[in-house]
C-alpha cells in the first residue's frame, strides 16, 4: 500500500516530465497512513498521536510535496482522507491540510439531509484562490461565505423563535438569502456548470 502511493506518484512525475499536465487521484491517504503505521510499529518505532509513528509524519510530506508544477508540465493531485472521529483532531487530515494547497471538507450531516454535493463550505479552504480567481469571483465568494457564517451563528435563535428581525442588518440579509444560497450550492450529478455559469448564479444569489 505504501509502495503503490509512491509508484503512482512516480508515474505521474514521468508524464509531467514529458510536458504533460497530469491529474493524479489517490483514494485514500488514510490507507497509505495506516500502512505506514503498521510498518513503523512492526520495526519498533514508538507510537505518537493516534498510534502513528514518527516515520509517518516524515513520509507524508515526501509523498505530497512531489505534486505540483514542473519545468515543462504539472501534476494536479487530489487526495481523499477518511477521518477517524473528529476531523479537526485527525492526524492524517491535520498533516494533509498543513501541506496541501487546499481542502474540501465533506459533511455527513449534509449528506443525511440529502444535500449534495455534501460540501461544508465554511470548513473548506483554498490557498490558491488569490492567485487563480478574478476580483469579482473573490468578492462574490467572500460575501456568500460571510452570509453563511452569520446564518450559522443565529440558526439556533431562528429555530426557537428568539431572533428579532431588524436588530442586525447582516443577519437579516443572511436569513433573506439563505434559501438562494442553499439552492446555489446544491448540484445534481448530471448538472454540469462551468465557471461563467457559476459566477452568474453567484451574482443572482446576491442581487
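Residue numbers (this note's numbering): 2 to 208. For glycine and all other residues, C-beta sits at the position ideal for the given N, C-alpha and C.
| Query | Result |
| --- | --- |
| With H, G and I counted as helix, E and B as strand and the rest as coil, what does DSSP make of residue 40? | helix |
| DSSP state of residue 152, grouped into three classes? | helix |
| Who are the near neighbours of residue 81 in its chain, counting only those whose CB is closer than 6 Å to its CB and skipping five residues on each side? | 28 and 29 |
| Anyone know if the C-beta pair for residue 101 and residue 119 falls short of 9 Å? | no |
| Whole-angstrom Cβ separation of residue 105 and residue 125, contact assumed at under 8 Å? | 5 Å |
| If we count the other Cβ atoms within 10 Å of its Cβ and call it buried at 16 or more, is residue 18 buried or exposed? | exposed |
| Which residue marks the beginning of the beta strand (DSSP E) containing residue 76, and which one marks its end? | 75–80 |
| Whole-angstrom Cβ separation of residue 26 and residue 111, contact assumed at under 8 Å? | Contact doesn't hold; Cβ gap of about 23 Å is too wide. |
| Please determine, among 161, 156, 183 and 184, the residue with the shortest C-alpha to C-alpha distance to residue 173. | 156 |
| Kindly provide the ranges of any alpha helix (DSSP H) runs that are 4 or more residues long and lie completely inside the stretch 2–59, ordered along the chain. | 3–18 and 30–43 |
| Our contact map puts residue 96 next to residue 58 with C-beta atoms below 8 Å; I'd like the distance itself, whole angstroms only. | 6 Å |
| Quick check on DSSP: helix, strand or coil for residue 124? | helix |
| Alpha carbons only, please: which of 207, 90, 71 and 99 is nearest the one belonging to residue 171? | 207 |
| Would you kindly work out how many angstroms separate the C-alpha atoms of residue 152 and residue 177, rounded to a whole number? | 10 Å |
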